[in-house]
Each structure stands twice: as C-alpha cells, then as structure tokens.
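Visitor: Take a look at this one; I'll ask things after.
2 protein chains.
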Amino acid sequence: MAKRPTVYDVAARAGVSIATVSFTFSQPHKVRPATREAVEEAARALGYLPSASARGLASGKTGAIGLFSFAYYARERGLQPDSQTPFGDEANEDFRMFPLYHDEVQRGVQVECWRRGYVLMVGDAKGAAGEADLAGIAGRVDGLAVFPNTVPDDVLMRISRRIPVVELSIPINNTGLHGVSVDNEGGMAELTGHLVEVHGLRDIAFVGPKGFPDKEHRFSGYAGAMVAAGLPLRTVDTAPIGHLADFAASTVAEFVAAGKLPQALVCSTDEEALAYMDALAAAGIDVPGQIAVTGFDGLVAGLVNRPSLTTVRQPLVELGRAGASILIDQVAKPGKGAVTRQLPVKLMIRESCGCQAQPGNQVR
Amino acid sequence: MAKRPTVYDVAARAGVSIATVSFTFSQPHKVRPATREAVEEAARALGYLPSASARGLASGKTGAIGLFSFAYYARERGLQPDSQTPFGDEANEDFRMFPLYHDEVQRGVQVECWRRGYVLMVGDAKGAAGEADLAGIAGRVDGLAVFPNTVPDDVLMRISRRIPVVELSIPINNTGLHGVSVDNEGGMAELTGHLVEVHGLRDIAFVGPKGFPDKEHRFSGYAGAMVAAGLPLRTVDTAPIGHLADFAASTVAEFVAAGKLPQALVCSTDEEALAYMDALAAAGIDVPGQIAVTGFDGLVAGLVNRPSLTTVRQPLVELGRAGASILIDQVAKPGKGAVTRQLPVKLMIRESCGCQAQPGNQVR
DNA sequence: GTGAAAGCGCTAACAA
DNA sequence: TTGTTAGCGCTTTCAC
C-alpha cells in the first residue's frame, strides 16, 4: 500500500496550514468557502483518509463503543482461535438456534451506535475470559458493554475507572457498574400463573441452573407464583455446560423410570426447553398432551419448533440499545452513580403449554 | 473518569524507562524476569490500559478489520439516525426475516477476526451511502469489507489505494478490488433443472431485478437451464424497493386476471419468494399445488414458512469468513493483484417446489 | 537487557 | 479566518 497522505500533504497541496485542514473537517462552515474548496479538492485528489488513531490520540476520544463477548458461535462449533479448523457443512447447520441471544443484543448495540454516530467495535474472548483480550478492546473505545459472566467483576471494575462499562442483562447491580436487565421475575411469575390458572396444572417443575442472578430471579418468579397458588415447588437440576441434550435425555428417563413425570417443565431458557422437548419426543412422550414445556427468552427457535414454544420474550434488541445508550450518555456527560434500567418482558402463549396455535403468535 | 495511566506512569512506578514497559508487553520473554515482574505489577496496580490510538499511531496498524454496511435493520423499521424514534413492539416483530442476509455474513467476518486476533469494527452508512461515514471507519482499520451497492465504486477504489478492500458477494470483479462471491449461476441452473426434470414444469417465470450483478448471474443460470431444455424464458418485473408486498400482490392479481399463472416462480431471493407466497396465499392460490415458488439465499425464514421454501443455500458465514481472511492476509503481506474467491452453493429441496417435506431439510 | 530520543498524524489552545 | 505550537501515548531504532 502506498503511504497514506496526511494533513501535511493536504495542507501543502491546498496552500494552507495543517490546522486549517483539521478545522475544515471539523467546522466546515467556519472556513472561508474558497479555502474549504481548496482543502477539499486537495484531500480528494490525494485520497486523504484521516487517521483515527491520530485523532483519538489527540482528542482523547475514539468515537467507538465496544462490545465484548465470548465467540459463542465459533466455540459451539469447536473452532479454535488461530487454528485452521474449518467449519462443518454450513448448509446442514441447525438453523433453529439462530439468531442467538447474543446476536439480537448485538444488533441493538449496533443500531444505537449507528443512531448516535458511533462505530461499534466487537471483540470476542480468545482464552477463558482472558483479561488481555479485553484490554485489547477496552483501550480502543469510549465505553464498553459486556455480557454477564464473560469477564471477572474485578477486571470490569478496574476498567470502569477509566471508561463507562455496562453489563447487559445483569439483574441486580451491586458492582457499581452500569447495567440493563429485564423483568425476569415478573415474566416467570406470569408464565407460571398461566400454567396454574388456565391449564389447571399443579405439579410444575422448574428447570434451571443455580448461581446465575438472572436465572435465580426467574426461579423466584416461579416460586412466588407457586406459593401464591398453594402449590409445592419442584426443581430439576440443570445440565452441565455442553451436555444439555444428554442430560435432558437422562432426566426424562429418570422421570419415566420413577413414574414421576411432572405436569409441566418450566425451563429457565428456551434452549433448555427445546432440549427437553427433543428428549421427551425421543422418549415418546407427547408435548403438550402428557407434559407442558415452557421456555424463557423468545428466540426464533421456539417459533420454528413443533409444537411452538410458549415462552417469555425478552426485548433483546432493546436491551442492547439501552446498554449502548447508557454508555454514550456517560461518555458525553460522565455521571456519578451507576445507571441501571429494567425492561419489561412479554408472555408469548403458543402451543407447548397446551394452548392452540394462533395466527398472531405462530410464525410471527 | 480518572485520567488514564500511561506508560510513563507505569515506568515511573516500576522504576524503568517507557521503552522497557513497551518492550515488556510486546516481547515479555526478552525481558529479565525481575523487570517484567515489576512492570506487570505496576501496570496491574495502576489499572493500566494501553491506548490503542497511540499504539496505532506509532505502529501504523490498528489491529482492526472494518465492515461497512447499510443499517438494514434500523432502516427497515423507519428508524432515523439521531432521531428519537423508538422501535415498535419488539415482541410483535416478524421473526421470519431473522437473521438477515447481512447478519450471517457479519457473523462470518466476526468469527474470522476472532480467529486471527483482530477486532471487528462495524459501521453503518448514515446518509445515502455517504463517503464521510465510510471515511470514519476506513481510517480506523487495517482492511475493509463492504457489501455491494453500499458505496460507489470510485470511493472504494480511492480507499483501496491505502488499505485492502474486499467486496462481499460481488460476482465478477472488474474494479480491481478483492472480492468473494458464490456460484449464483450454477446454483440457479441446478434449481431450474430440478423444476424442469423432476416436476416436469415448462412455464417457469423468473422474478428478479435488473442491474445487480449477482441477480443477473442468477438469471443466466435460469436462462441457461431453460434454453437447454428447449423452454421459453419468461420474466416478471421486480418490485421497487420497499414495495415488495404490494407489488407481489398486484402481480399475482394480473396473472389471475389474464389467466396466465405460470407453473413456477423462480425468484432471485428468498425474500421475494416469501412475498410472492404471501400474495398467492392471499389470492387463494395453492403453493405448490397450483404453482411452485423457489428462492435463493437459504435464510431461516424459508424454513419457518409453510410450505417450507425450496431454495439455494449460500454459505453466508463462509462468505464473511473468506472476505475477512483475504483482508487479513493482505494486511500481513500486501499482494499485487486482486484476490477473488467463489464459493459453492447448495440446492435445498423443500416443499414449495412440490417435493415432500423431509426430516433432514425441514427444521434443520 | 535497558534507556534516550525521535517521531506517528492529528487536535486544541493561543496568537496573529 | 488562519497559522503556530505543543502535546496526545506509544513504538522503534540506536546506543549503551
């Protein structure tokens, strides 16, 4: 590549000083038309591209918002960084899982950046949530959004002393970081209530992991609704990461062996619900005929599934937008305390709870 | 925000020079362990985050790959940059259209960046493909990927004199830019052949716009197969942008009024095919009973649709990966000529052509 | 193995 | 309205 022309080159060709060139780009209307004209033509002729590095260094701002995540897509396919591993046959992918949770949130972040005149810098962790990777992107942006459980809190705290950091979908924020979340508890309570009141179910088991704040809140919603209805709680252990399908299958087998199939499985995520529906189908158990299954998230996957999945839809795009919005606001006018927002969710009644398919909630 | 600590601060605290600090980060093993230790502890204690701007300025590389697109998602919803327009009710979105074509390609770019140790910088055009927006991101990256018809060619040419530029999904590359594409012609020929040979159809109309190289190639594939079978060509005008549904409806109405319904509609994109299927359904015409409809792209939307859409699957993630890969290779070792790659496509036989649903190509 | 010093290209006072 | 002059924080020779 040819050496990139600089302000000096442009200034020389236009017969002005570098400051004027810089000024012409930032405050075009404050420059005499003839001067501006000359500068612009010089820039055009030279193929001048301002260096963002130099700009950022001089101005102290980068104009970029960062989003750090975990390379979910690649990792799920066993792809390694720096390896030559090819993807499998893309045409045979399980399309049901797209877009992923993270994709939708990322889209929201991207939209808000676009709207507010920022660019988005996306980085994915290479190692096991390595700090080094994060530093690589944290040093390039004016604000940073991260997915929960991707980076240790102390690392985030350190970074947040320099630039605003927002955690996406962390319910309660005791870390002092900015955060956006959704009404996990309310949504799950409403869903559980539907099972109890509309379908008259009593033996309802909750499926979900311990130790994740958002999942715990979903459990609270379930528990609250059950207790309010005078029903006993019942929980199913969650699968170890990466073994969802196997685990669901063996859990279903245990239910059958013990003759203790619940009337409903209230799962903490769509992904889990889908895995259980697969396992139940494989065991010849009809959903929703013999057991109802519900999810949480509202991924497209639940829509494609037969029966379609009754779930709670999170406003994922809005989640991303809200996160980016907080960041950009903070960049413009750094606040004192942590900003947090909770977004509402929406119950999506479909087939897997025992309701009839409805045009409005079926393919749309 | 507190002032960010710099190499000087770290050097002072560690009792070394800034060069040593820099050296410690780039060549850790070439520094005496004690020194390295001291530098690392100072960096940690200070919460030091290297400035990418300064690094980029000094080294002449940014470590980022740019992807420039058109804010399709936001624009389709009527969202304006800098406006306060909120999104509509996200729960009521037409999920069928996700992920979009661009989402999948972007994922591929992101994956490859991750794999090769780059970060991804995403920018969307604010105005009508404004050069200013592009310059904003072109100046921040070591290589740039763009979607076709997003930016005027001469602008791209100018940028490509400084950094490698790859066009994603441009079939023939007469511009001298790097490019990746898929076998549009072959895929469409195969699909048309299926309609003719397996289903015995003869009156097959092609639906698609003029003036887009990839669509033209698809037309060539269709035309070649028809001519080879001794069948007459028939084309349907394409809809003006943003009026797909209306246009499809009125086209169908014309077919009906004239009593000239084709036996098949071979559409140049899935989106178009889906719009025609909606219009046909509204007109009470059975697909595939009375008319076959096919698409091109292989979006999830076609899978969710009933009947599921027979189409040609493009390896979109691979397309993105290939594009990013070319860029990163070029950054490492700038080549002389333009690098181009064509990826194979895959025929996805589903229901809308008249075939039976098959487990393997249905929900997966 | 480590330090000194010279930029990288731009912005932001401040002068003129 | 335009020019001068300092840096911004880091990498990179080149000495030591």
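Protein chains in written order, with my numbering: chain A, 2 to 365; chain B, 2 to 365. We put the CB at the ideal spot given by N, CA and C, even for glycine. Note that the coordinates shown come from a computational prediction; the quantities given were computed from them, not determined experimentally.
1. Among Ala59(B), Ala265(B), Glu255(B), Glu113(B), which has the Cα closest to the Cα of Ala20(B)?
2. What does the Cβ neighbour count give for His394(A), buried or exposed, with the cut at 16 atoms within 10 Å?
3. Quick check on Arg314(B): does DSSP put it in helix, strand or coil?
4. Which ranges would you report for the beta strand (DSSP E) in the region 210–275 of chain A if only whole runs of at least 3 residues count?
5. What is the DSSP secondary structure of Ala191(A), reduced to helix, strand or coil?
6. What's the C-alpha gap between Met158(A) and Pro165(A)?
7. List, in order along the chain, the chain B residues whose C-beta lies closer than 8 Å to that of Pro51(A)?
8. Checking contacts by CB at 7 Å: is Met122(A) closer than that to chain B?
9. Which ranges does the alpha helix (DSSP H) cover as unbroken runs of at least 4 residues, wholly within the region 50–80 of chain A, from first to last along the chain?
10. Counting contacts by CB-CB distance shorter than 7 Å, is Val110(A) in contact with chain B?
11. If you measure between the beta carbons of Gln111(B) and Val123(A), is that distance less than 7 Å?
12. Closer than 6 Å to a non-hydrogen atom of the ligand ZN - does that hold for the CB of Gln291(A)?
13. Run through the region 95–153 of chain A for me and flag every whole alpha helix (DSSP H) of 4 or more residues, listed as ranges in chain order.
14. Any beta carbon of chain B sitting closer than 7 Å to that of Arg342(A)?
15. Which stretch, first to last residue, makes up the alpha helix (DSSP H) that contains Ile19(B)?
16. Spatial neighbours of Ala283(A) within its chain, please: CB distance less than 7 Å, with the 5 preceding and 5 following residues excluded, ordered by chain position.
17. Using DSSP with H/G/I as helix, E/B as strand and the rest coil, what is Arg342(A)?
18. To the nearest angstrom, how far is it from the Cα of Glu134(A) to the Cα of Arg116(B)?
19. Could you check how far apart the C-beta atoms of Ala265(A) and Ile292(A) are, in whole angstroms? I think they sit under 8 Å.
20. Compare the Cα-Cα distances from Val208(A) to each of Val197(A), His195(A), Ala224(A) and report the closest residue.
21. Roughly how far, in whole angstroms, is the beta-carbon of Leu145(B) from the beta-carbon of Ala139(B), given that I think they are within contact range, below 8 Å?
22. Measuring only between beta-carbons, confirm whether Tyr102(A) sits less than 7 Å from chain B.
23. Return the CA-CA distance between Gly296(A) and Arg76(A), expressed in angstroms with no decimal places.
24. Please confirm whether Arg235(B) and Ala280(B) have their CB atoms less than 7 Å apart.
25. Pop quiz: Val294(A) and Thr193(A) are said to be a contact at Cβ under 8 Å. What is the actual Cβ separation, rounded to whole angstroms?
26. Are the C-beta atoms of Ala246(B) and some chain A residue less than 7 Å apart?
27. Where DSSP assigns a beta bridge to Gly180(A), which residues make up the other side?
28. Going by C-alpha to C-alpha distance, which of Arg5(A), Ala53(A), Ile66(A), Ile160(A) sits closest to Leu47(A)?
29. Thr295(A) by DSSP, collapsed to three states: which one?
30. Considering only residues of the same chain and omitting the five flanking positions on each side of Gly324(A), which have a CB-CB separation below 7 Å?
31. Would you check if the distance between the CB atom of Pro289(A) and the CB atom of Ser221(A) is smaller than 7 Å?
32. CB-CB under 6 Å to Tyr277(A), same chain, minus the five flanking residues each way: which ones, in chain order?
33. Quick one: Cα of Gly285(A) to Cα of Ala254(A), how far?
34. From Gly64(B) to Glu105(B), what does the alpha carbon distance come to, in whole angstroms?
35. So the candidates are Leu101(A), Thr7(A), Val22(A); which of them puts its Cα closest to the Cα of Val301(B)?
Guide: According to the structure data:
1. Locating residue 20(B) in the second sequence gives position 19, where the first residue counts as 1. Of the candidates Ala59(B), Ala265(B), Glu255(B), Glu113(B), the one whose C-alpha sits nearest the C-alpha of Ala20(B) is Ala59(B).
2. Nothing can be reported for residue 394(A), as the shown portion of chain A is limited to 2 through 365.
3. Walking along the second sequence from the start, residue 314(B) turns up at place 313. Three-state result, Arg314(B): strand.
4. 265–268
5. Looking up residue 191(A) in the first sequence gives position 190. A small fix is needed here, since residue 191(A) is Glu in this sequence, not Ala. In the structure shown, Glu191(A) sits in a helix (DSSP, three-state: H, G or I).
6. Walking along the first sequence from the start, residue 158(A) turns up at place 157. Walking along the first sequence from the start, residue 165(A) turns up at place 164. Cα-Cα distance, rounded: 10 Å.
7. For the purposes of this step, residue 51(A) is identified with residue 50 of the first sequence, where counting begins at 1. The answer, in chain order, is Ala136, Gly140.
8. Position 121 of the first sequence, counting from 1, holds the residue named residue 122(A). Closer than 7 Å: yes.
9. 53–60, 73–77
10. On the first sequence, residue 110(A) is found 109 positions in, with the first residue counted as 1. Output row for Val110(A): interface = no.
11. If you number the second sequence from 1, residue 111(B) lands on position 110. If you number the first sequence from 1, residue 123(A) lands on position 122. Contact: yes.
12. Absent from the structure shown: the ligand ZN. Ligands present: none.
13. 102–117, 132–139
14. As a working mapping, residue 342(A) is identified with position 341 in the first sequence. So, not an interface residue.
15. Residue numbering aside, residue 19(B) sits at position 18 when the second sequence is read from its first letter. Here the alpha helix (DSSP H) through Ile19(B) covers 19–27.
16. What you label residue 283(A) is simply residue 282 of the first sequence in a count that begins at 1. Correct list, in chain order: Ala250.
17. Here residue 342(A) is taken as the residue at index 341 of the first sequence, counted from 1. Strand, per DSSP.
18. Start at 1 with the first residue of the first sequence, and residue 134(A) comes out as number 133. Start at 1 with the first residue of the second sequence, and residue 116(B) comes out as number 115. The question names Glu, but residue 134(A) in the sequence shown is Asp. Straight-line Cα distance between these residues: approximately 12 Å.
19. As a first step, residue 265(A) is located in the first sequence; it is residue number 264 there, counting from the start. As a first step, residue 292(A) is located in the first sequence; it is residue number 291 there, counting from the start. The pair is a contact, with the Cβ atoms about 6 Å apart (cut-off 8 Å).
20. Looking up residue 208(A) in the first sequence gives position 207. Closest by alpha carbon: Ala224(A).
21. Position 144 of the second sequence, counted from the start, is the residue given in the question as residue 145(B). Position 138 of the second sequence, counted from the start, is the residue given in the question as residue 139(B). That belief holds up - the Cβ atoms of Leu145(B) and Ala139(B) are roughly 6 Å apart, short of 8 Å.
22. Looking up residue 102(A) in the first sequence gives position 101. Chain B contact via Cβ: absent.
23. What you label residue 296(A) is simply residue 295 of the first sequence in a count that begins at 1. What you label residue 76(A) is simply residue 75 of the first sequence in a count that begins at 1. Each residue's alpha carbon lies about 24 Å from the other.
24. One-based indexing of the second sequence puts residue 235(B) at position 234. One-based indexing of the second sequence puts residue 280(B) at position 279. No. Outside cutoff.
25. By one-based count along the first sequence, residue 294(A) stands at place 293. By one-based count along the first sequence, residue 193(A) stands at place 192. At roughly 13 Å, the Cβ-Cβ gap does not stay under 8 Å, so Val294(A) and Thr193(A) are not in contact.
26. Residue 246(B) sits at position 245 when you count from the first residue of the second sequence. Answer no: the Cβ-Cβ gap between Ala246(B) and chain A never drops below 7 Å.
27. Within the first sequence, residue 180(A) is the residue found at index 179, counting from 1. According to DSSP, Gly180(A) bridges with Glu168(A), Thr341(A).
28. Counting from one through the first sequence, the residue named residue 47(A) turns up at place 46. Measuring from the Cα of Leu47(A), the nearest candidate turns out to be Arg5(A).
29. On the first sequence, residue 295(A) is found 294 positions in, with the first residue counted as 1. DSSP places Thr295(A) in strand when its eight states are reduced to three.
30. Position 323 of the first sequence, counted from the first residue, corresponds to residue 324(A). Around Gly324(A): Val110, Ala146, Val167, Leu169, Val181.
31. Your numbering for residue 289(A) matches position 288 in the first sequence. Your numbering for residue 221(A) matches position 220 in the first sequence. The answer is no: Cβ separation not under 7 Å.
32. If you number the first sequence from 1, residue 277(A) lands on position 276. Once the five neighbours on either side are set aside, the close Cβ partners of Tyr277(A) are Ala249, Leu266, Val294.
33. If you number the first sequence from 1, residue 285(A) lands on position 284. If you number the first sequence from 1, residue 254(A) lands on position 253. Cα to Cα, the separation comes out at about 11 Å.
34. Residue 64(B) sits at position 63 when you count from the first residue of the second sequence. Residue 105(B) sits at position 104 when you count from the first residue of the second sequence. Answer to the nearest angstrom: the Cα atoms are 23 Å apart.
35. Counting from 1 along the second sequence, the entry for residue 301(B) is found at position 300. Of Leu101(A), Thr7(A), Val22(A), the residue nearest in Cα terms is Leu101(A).
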